[in-house]
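Everything below concerns the one structure shown next.
Residue numbers (my numbering): 1349 to 1401.
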């Protein structure tokens, strides 16, 4: 399995910790993966300024 590291800016660590504590997610890697899988398409649409599929 290939892996890629993601660097989390220090200013975002408190929010990540809060989400982890409230959800029971175990690691930053799991958090990132869950966000990517569940909200990635929504993020792309939002950044493109529309709701097209």
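C-beta atoms are modelled at their ideal positions from N, C-alpha and C, and glycine is treated no differently. Keep in mind it's a predicted model, so treat the numbers as computed, not measured.
CA nearest to the CA of residue i, picked from the options
i	options	result
residue 1354	1375, 1393, 1367, 1396	1375
residue 1382	1395, 1396, 1367	1367
Helix, strand or coil at residue i [DSSP, three-state]
i	result
residue 1350	coil
residue 1357	coil
residue 1388	helix
Between the CA atoms of residue j and residue i - distance to the nearest angstrom
i	j	result
residue 1349	residue 1365	26 Å
residue 1373	residue 1396	29 Å
residue 1394	residue 1380	18 Å
residue 1360	residue 1387	18 Å
residue 1362	residue 1389	25 Å
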